[in-house]
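Structure record follows, encoded as structure tokens.
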Amino acid sequence: MPLVAQVLLLQIAVIVVCLVVGFGWHIAKVDDDMRVEHAERALAVARAVAGDPDVRRLLLAEQGRDLDPAALASGVLQREALDITRRTGVLFVVIANADGVRVAHPDPAEIGRPVSTDPGAVLAGQDVMETDRGTLGESVRGKAPVTDDAGDVVGFVSTGISTQRVSDATRHDIVVTVGLAAAALAVGVMGSALLARRWRRLTLGLEPDELVDLVGEQRAVLHSLADGVLAIDAAGRLRMVNDRARRLLDVDATTGTSVDDLGLTPRIRRTLDRPHEVPIAATVGDRVVMASTHRVDADGRDLGMVLSVVDRTDIENLTAELDTVRSLSEALRAQRHETANRFHVLGGLLRHGDVDEAVDYLDEITGSGGRSGIDGLANVAEPHLHAFLDAKAVLARERGVTVTLGPQTWVAGALAEPVAATTVLGNLLDNAVEAAGPGGGVDVELLTDRRALWITVADDGPGIVFDDPGEVFDEGRSSKDHTAVPGGRGMGLSLCRQICRRHGGDLRVADPGGPSASARTVFVADLPDAMTEGPHDD
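Here the sequence shown is numbered in the numbering used here, starting from 19 and rising by one per residue.
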């Protein structure tokens, strides 16, 4: 049997038991309660009659046992007793004197006779409630003493209500009680059925064991994904995060934590404010990730946002290495082309017997520094930086940009992490060459001191366009076309600053440049532990 049906039947059984116990106890007491209620009503009528001053005055005149029944049957007390009986609906109102002789009775034949029940208690001044059988049948009775001005008992009033009437009232009360119990049972069954229906809707008709299997499978799948997944509900609270997302986003918060307390980077946090189905690049610590968000709706309800995160750090590192290799290969291609042209000239001169001209031409090209695309490169002894600068200078020259080395350039020793240093230098050079444009110039200065490496790159381009030059390091901030690169631009300088800071240094804007002809845009990178060795420069 499905659990929903079991719960429904259990709820109905509990309701039935509660109704049977509660209403059964009420029904068991209803007869006694009804008798007490009618007895109190009878006693109230008796007290009211006994307290009537006219009744006390007339009864005081009808003492003794030798009374005239005929006179009493037509007397005032008899008429008043019959009138009260008719108006109150009781079975009888009997008035008796201090000797227990009736002076008023519904049956005139009983007037002047002693009462049929023991009047001792009421004549002793006590109120009496009892069920007894008299001349008019069984009834529930209330008896109240009648006293004179001195407080002496001069008689009593007895009022009775038929037990048949009590039984009828009891049956009516039982019927009403059973009806209420049935209505309560119907409401309970209906409520249980609605609850069961809502349960089925909330659980999509799945049984508990199926839900357990589903949750287990969901956890197994989500935590085995190579992508990070983080879910936020409509109220902005964390509902689910897999292990991969915790590592990539550096999140250690528990479920239920507010999204503002997760410690997300500003760029990642903004993606949760509105859907970003096209992945955007962002940096988290020393990692580069691609993040996208999707809104989740079910049955017209907003369930929140799901953030998907993909690690792109390795791709960025490979891209940096590939850029280095591409720069070197393009430089070699350019040099090979240039060397081939020179050999063609030299070969033509020799074939025509112009030996002297060939010697002069050879002296000219060997003395021009043709092996290098930049003057002063001999001061850069580190092989990676030497080759990288040579390649970048050749490429810049092909684009009409002149790259020069500063007079203070001096690099000794070997790079501890060549990719990190060439990534920073390459990004700064590429940006400077692009900003300078054809006919422009870029100045580069490298300086080492033991393990430290300083990189300064300046260009004579239009300068930084942002009001705050520091915004150039913000993720996604770029003056270039964002659609040209998947995930958007504005990541290069941010990544370079992350690399510098990871090595204990920093990347900053020394001069934002501007429209002035003498203004130059200058970036300075500090890598304190970039070199493995190197002499101290005084």
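From the three backbone atoms N, C-alpha and C, an ideal C-beta is built for every residue, glycine too. It should be emphasised that the depicted structure is a prediction, and the values quoted were computed from it without experimental measurement.
In the DSSP annotation of this structure, the continuous segment of the beta strand (DSSP E) that includes residue 148 starts and ends at 146–152.
Assigned with DSSP and collapsed to three states, residue 94 falls in helix.
Checking the DSSP bridge columns, you'll see residue 309 partnered with 298 and 327.
Inclusion of residue 463 and residue 426 in the CB contact set at 9 Å is warranted, their separation being smaller than that value. Ranking 60, 273, 116 and 262 by CA distance to the CA of residue 169 puts 116 first. For residue 440, the uninterrupted alpha helix (DSSP H) segment begins and ends at 436–454. Separation of residue 378 and residue 482 (C-alpha to C-alpha, rounded to the nearest whole angstrom) is 48 Å. No Cβ-Cβ contact shorter than 9 Å links residue 491 with residue 443.
A distance below 8 Å between beta-carbons, with the five flanking residues on each side excluded, links residue 166 to the following residues of its chain, in chain order: 74, 78 and 172. Contact between residue 538 and residue 477 holds, with the beta-carbon distance rounding to 7 Å and staying under 8 Å. DSSP places residue 288 in the helix class (H, G or I) of the three-state scheme. By the Cβ-count criterion, residue 393 is exposed, with fewer than 16 other Cβ atoms from all chains shown falling within 10 Å of its own Cβ.
In this structure, residue 108 places its C-beta atom within 9 Å of the C-beta atom of residue 63.
Residue 445 places its beta carbon less than 9 Å from that of residue 513.
Between residue 197 and residue 180, the gap from beta carbon to beta carbon reaches 9 Å or more.
Non-local beta-carbon contacts of residue 525 in its own chain, meaning distances under 6 Å to residues more than five positions away in sequence, involve 514, 515, 518 and 543 in chain order. Straight through space, the alpha carbons of residue 521 and residue 460 are spaced by roughly 26 Å.
The beta carbon of residue 203 sits closer than 7 Å to those of 33, 34 and 37, all from its chain and outside the five residues before and after it, given in chain order.
Here residue 472 is bridged, per DSSP, to 465 and 544. According to the DSSP assignment, residue 163 belongs to the beta strand (DSSP E) that extends over 155–165. Taken through DSSP and simplified to helix, strand or coil, residue 71 comes out as helix. From the listed residues 484, 129 and 110, the smallest Cα separation to residue 80 is found for 129. According to the DSSP assignment, residue 198 belongs to no beta strand (DSSP E) but to the alpha helix (DSSP H) extending over 181–220.
Linking residue 458 to residue 415 through their CA atoms gives a straight-line distance of about 10 Å. Between the alpha carbons of residue 299 and residue 364 lies a gap of roughly 52 Å.
Around the beta-carbon of residue 530, 16 or more other beta-carbon atoms lie within 10 Å, marking it buried.
Taking a contact as a CB-CB distance under 8 Å, the pair residue 404 and residue 433 does not count as one, their CB atoms being some 11 Å apart. Per DSSP, residue 112 lies in no alpha helix (DSSP H); the unbroken beta strand (DSSP E) holding it starts and ends at 110–115. Under the three-state reduction of DSSP, residue 525 is assigned to strand. Here residue 477 is bridged, per DSSP, to 460 and 539. Looking from the CA of residue 140, the closest CA among 264, 162 and 546 belongs to 162. Contact fails between the stretch 90–108 and the stretch 209–224, because fewer than three Cβ pairs, one in each stretch, are under 8 Å apart. Here residue 118 is buried, its C-beta having at least 16 other C-beta atoms within 10 Å. Fully contained in the stretch 249–282 are the following beta strand (DSSP E) runs of length 3 or more, in chain order: 256–259. Sequence-distant partners of residue 451 (beyond 5 residues in either direction) whose C-beta falls short of 7 Å from its own C-beta, in its chain, are 414, 417, 419 and 460.
Annotation: the continuous alpha helix (DSSP H) that includes residue 511 extends over 510–520.
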